[in-house]
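The block underneath contains the structure these notes are about, expressed in structure tokens.
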Amino acid sequence: MRWSQTFVPTLKETPSEAEIASHKLLLRAGLIRKLTGGLYTFLPMGLRSLQKISQIIREEMDRAGGLEVLMPALQPPEIWKESGRYETASDVLFKAKDRSQREWVLGPTHEEVVTSLAASEISSYRQLPKNFYQIQTKFRDEIRPRFGLMRAREFIMKDAYSFDVSDEAAQTSYQSMFDAYVRIFDRCGLKALPVEADTGVIGGKFSHEFMVPAEVGENDVVYVETGDYAANVEKATSGLKSPLADQEAVEVSALSAVEKFATPGVKTIDALAKAPFNVPANHQIKTLVYVVEDKPVIFLLLGNDQLNEAKIAGVLGSTQFRPAEPAEINDWLGAYPGSLGAVGVDDIPVYADDFLKGGYDLTTGANENKFHIRNVSVERDIKVKAFADFRTVQAGEPCPITGKPLMVQSAIEVGHVFKLGSKYSEAMNASFLDETGKSNPCIMGCYGIGVTRTLQAIIEQCHDDHGIKWPVSVAPYAVCITPLGNKPESEVMKVAESLYSQLTEAGVDVMLDDRDERPGVKFKDSELVGFPIRVGIGDRSLANGEIEIKPRGGELSKVKVDDAVKHVLDWIKSQ
RNA sequence: CGGGGCGUAGCGUAGUCUGGCUAGCGCGCCUGAAUGGGGUUCAGGAGGUCGGGAGUUCGAAUCUCCCCGCCCCGACCA
Numbered sequence: 001m002r003w004s005q006t007f008v009p010t011l012k013e014t015p016s017e018a019e020i021a022s023h024k025l026l027l028r029a030g031l032i033r034k035l036t037g038g039l040y041t042f043l044p045m046g047l048r049s050l051q052k053i054s055q056i057i058r059e060e061m062d063r064a065g066g067l068e069v070l071m072p073a074l075q076p077p078e079i080w081k082e083s084g085r086y087e088t089a090s091d092v093l094f095k096a097k098d099r100s101q102r103e104w105v106l107g108p109t110h111e112e113v114v115t116s117l118a119a120s121e122i123s124s125y126r127q128l129p130k131n132f133y134q135i136q137t138k139f140r141d142e143i144r145p146r147f148g149l150m151r152a153r154e155f156i157m158k159d160a161y162s163f164d165v166s167d168e169a170a171q172t173s174y175q176s177m178f179d180a181y182v183r184i185f186d187r188c189g190l191k192a193l194p195v196e197a198d199t200g201v202i203g204g205k206f207s208h209e210f211m212v213p214a215e216v217g218e219n220d221v222v223y224v225e226t227g228d229y230a231a232n233v234e235k236a237t238s239g240l241k242s243p244l245a246d247q248e249a250v251e252v253s254a255l256s257a258v259e260k261f262a263t264p265g266v267k268t269i270d271a272l273a274k275a276p277f278n279v280p281a282n283h284q285i286k287t288l289v290y291v292v293e294d295k296p297v298i299f300l301l302l303g304n305d306q307l308n309e310a311k312i313a314g315v316l317g318s319t320q321f322r323p324a325e326p327a328e329i330n331d332w333l334g335a336y337p338g339s340l341g342a343v344g345v346d347d348i349p350v351y352a353d354d355f356l357k358g359g360y361d362l363t364t365g366a367n368e369n370k371f372h373i374r375n376v377s378v379e380r381d382i383k384v385k386a387f388a389d390f391r392t393v394q395a396g397e398p399c400p401i402t403g404k405p406l407m408v409q410s411a412i413e414v415g416h417v418f419k420l421g422s423k424y425s426e427a428m429n430a431s432f433l434d435e436t437g438k439s440n441p442c443i444m445g446c447y448g449i450g451v452t453r454t455l456q457a458i459i460e461q462c463h464d465d466h467g468i469k470w471p472v473s474v475a476p477y478a479v480c481i482t483p484l485g486n487k488p489e490s491e492v493m494k495v496a497e498s499l500y501s502q503l504t505e506a507g508v509d510v511m512l513d514d515r516d517e518r519p520g521v522k523f524k525d526s527e528l529v530g531f532p533i534r535v536g537i538g539d540r541s542l543a544n545g546e547i548e549i550k551p552r553g554g555e556l557s558k559v560k561v562d563d564a565v566k567h568v569l570d571w572i573k574s575q
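Right, dumping it as structure tokens:
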């Protein structure tokens, strides 16, 4: 491609809408332009990279046995009602009406469509396994689109759905997708870490997210340096023992009676930990009130622990919950946050973190404003419906596998593999007859990659102060030929044209900067757009029969004109 | 949805508090010249519903109200 013939609107200054490096560079390098919040046009350079990523995904999906299809983005609400997600996913569903007032939804994902396909087309175990995938535009009514392509209203996703005859077979499908994902991100030049992910209300062990460590990530990943453990913080556990485990075993009957004491002005764990009370946070009980499916529920944790909502969802089997409002809490418990406790509560279900099990000599709110109570024994004084792991792991705690300190790092989720089981196949009657003629629901898995988000994650991971540093595999063009001057009859331009056609014939994607711009402009632009290798041709070096080769971010070297093509090809091959 | 910030030419911005002549500057763009190895220089030029509406006023980018849009934080830790 000739620079003068394509469209690469680079910007010297950053539009004020961009906050993070990758978003700024997407705009400055002329890859995308915003139509409105969360909606972007891909310009030639951005689209080329996107297509290269898509192609890598296709090749690896095909290699793993995936079958490419294309499903409708516009979908009838009926299938969403059938799966039950018309209600549960309604927050993200874009809805529209046609001329006869019939309702439609824009697909945020395609489990319903693909399951309905399987329901009508799959009838025998002989047809299984199958793995259908597509690269499609998804629509989600995001609460807050942000960071350019990172969280958009409309975005491109690769989604795959596997159908198997059994759990064991589904695990094989799952593993095959997992392996494909490792190869895909590797080929994209992206360091993406597979981590154990929360399985939400479906449960089970089979869910991994592929995370790109980045300051601007929206997820926190807990991992150990040895690589033996990595999990989303929503899912992560640690090897830490409860501080209360050190308490001597004492008969409940031997414990002191609970005692109420005044705590004017004390509304936080921290305040109670300070003088004059000096109750260590890990000997306080934190009382959190939630509204779960319109009913109050209490969660108890040690004072220095933080509640993990994803774990709530797992234990309760529901995502329909929210923190209670202070007014609601006052109605139910007779006190406001800051003085809450579960002692004596028997009409509201109380769930307690495992760390509280058997604890005594604890302090908690009295359910009377400005009062707390001490000498609380969990076993004696609190009616706990169930104990479970509700706490959020913190950096520095021991790894559950190696015992080494855990690290916490924010990361961008670029991929997710998930064993679905039979949730959708049962709801939508996607079943098959086995060898014995018995009908069984298909065991499903789903596997997503945010294609547009991956593009941005690559830029977030591969850039410097000058611009993008594309991995060759996903660069819009691998090579940028930069003649200094653009007179067609000049020796410089003749050499440039010759290299351009030779490299193009060799199958390399080449950009020829044939613009009538000064050298500085061309250099700056080629670095901003981020071509992996630049071939500089000017009078000076040409006088010695040489041209200049400069890998992006690497050292400049001079080579003979006749060796130039070989050098470039070798360099690309070495990547 | 809650909180905060912003909205002036394609981009970045000054001016707004304290109302007042023709809304200023840089980049980019157009014309011409010089220059030609790191966003070069000089001269000339085009480009503005000051987000929209209503109001206050002799007079509004500036003050008031409403609306729209964009960005950030939050929507768990009592």
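According to this note's numbering, the stretch in the first sequence is residues 1 to 575, in order. Think of the CB as a built atom: it goes at the ideal place given N, C-alpha and C, for glycine as much as any other residue. What you are looking at is a predicted structure, and each value in this text was computed from that prediction instead of being measured.
Among the residues of its own chain, which have a CB less than 7 Å from the CB of residue i, if the five just before and after it don't count?
i, result
"LEU74", "TRP104, LEU106"
"ALA197", "SER207, HIS208, GLU209, ASN232, LYS235, HIS416"
"MET45", "VAL8, ALA29, GLY30, LEU31, PRO476, VAL529"
"LEU25", "ILE459, HIS463, GLY467, ILE468"
"THR41", "ILE32, ARG33, LEU35"
"SER576", "Any question about residue 576 goes unanswered here, given that the chain covers just 1 to 575."
Could you check the C-alpha separation between residue i and residue j for me, to the nearest Å?
i, j, result
"ASP331", "ARG453", "45 Å"
"GLN502", "VAL510", "10 Å"
"VAL92", "GLN247", "48 Å"
"ARG540", "PRO15", "37 Å"
"ALA506", "SER473", "16 Å"
"ARG48", "SER431", "41 Å"
"PHE523", "ARG99", "54 Å"
"GLN306", "ILE468", "38 Å"
"LEU288", "PHE277", "21 Å"
"VAL508", "TYR229", "40 Å"
"ALA160", "GLY448", "6 Å"
"TYR424", "SER173", "17 Å"
"ALA262", "LEU340", "13 Å"
"TRP571", "ALA543", "24 Å"
"MET150", "ALA271", "39 Å"
"SER123", "ARG187", "37 Å"
What does a CB cutoff of less than 6 Å around residue i pick up in its chain, not counting 5 residues either side in sequence?
i, result
"ARG2", "LEU512, ASP514"
"PHE418", "SER207, CYS446"
"VAL384", "VAL350, ALA352"
"PRO264", "LYS370"
"ARG548", "First, the amino acid is wrong: residue 548 is Glu here, not Arg. The residues are GLY536, SER541, LEU556, LYS558."
"GLY37", "PRO145"
Which residues does DSSP list as the beta-bridge partners of residue i?
i, result
"LEU106", "LEU74, PHE94"
"THR287", "LEU300"
"THR576", "Lying before the first or after the last residue shown, residue 576 is absent from the chain, which here runs from 1 to 575."
"SER551", "Sequence check: residue 551 is Pro here, not Ser. PRO551 pairs with ILE533."
"THR363", "GLN284"
"HIS466", "Beta-bridge pairing links HIS466 to no other residue."
"ILE449", "LYS158, GLY415"
"MET493", "None, per the DSSP bridge assignment."
Say yes only if the C-beta of residue i is nearer than 7 Å to one or more non-hydrogen atoms of the ligand HEM, and no if none qualify.
i, result
"GLY84", "The ligand HEM is not part of the structure shown, which contains no ligands of any sort."
Going by beta carbon distance, what residues of the same chain come within less than 8 Å of residue i, once the five residues before and after it are set aside?
i, result
"ASP179", "ALA64"
"ARG322", "TYR290, VAL291"
"PRO77", "TYR86, LYS95, GLU103, TRP104, VAL105"
"THR402", "VAL224, THR226, ASP228, TYR229"
Check whether the region 528-536 and the region 548-555 touch, using three or more Cβ-Cβ pairs below 8 Å as the test. yes
How about the region 335-343 and the region 353-370: do they share at least three Cβ pairs that are nearer than 8 Å? yes
Ranges of the beta strand (DSSP E) found wholly within the region 121-153, counting only runs of at least 3: 130-139
Could you pull out every unbroken alpha helix (DSSP H) segment of at least 4 residues lying fully inside the region 224-274, listed in chain order? 269-273
Any chance the region 350-361 sits against the region 281-299, with 3 or more Cβ pairs inside 8 Å? yes
For the region 420-447, which segments carrying the beta strand (DSSP E) assignment without a break, of at least 3 residues, lie completely within its bounds, in sequence order? 431-433, 439-441
Just checking, does the region 88-102 make contact with the region 133-148 on the three C-beta pairs under 8 Å criterion? yes
Taking contact to mean 3 or more Cβ pairs, one atom from each stretch, closer than 8 Å, check whether the region 164-176 and the region 374-385 are in contact. no
Evaluate contact between the region 52-72 and the region 131-138, counting only Cβ atoms and requiring at least three cross-stretch pairs below 8 Å. yes
May I have a chain-ordered list of the alpha helix (DSSP H) segments no shorter than 4 residues that lie completely inside the region 160-187? 167-187
Evaluate contact between the region 336-354 and the region 384-393, counting only Cβ atoms and requiring at least three cross-stretch pairs below 8 Å. yes
Under 8 Å, with one C-beta from each stretch per pair, do the region 425-443 and the region 107-123 reach the 3-pair mark? yes
Whole beta strand (DSSP E) elements within the region 304-379, 3-residue minimum: 321-323, 350-353, 362-365, 371-376
I'd like the ranges of any alpha helix (DSSP H) spanning at least 4 consecutive residues and lying wholly in the region 6-34. 21-28
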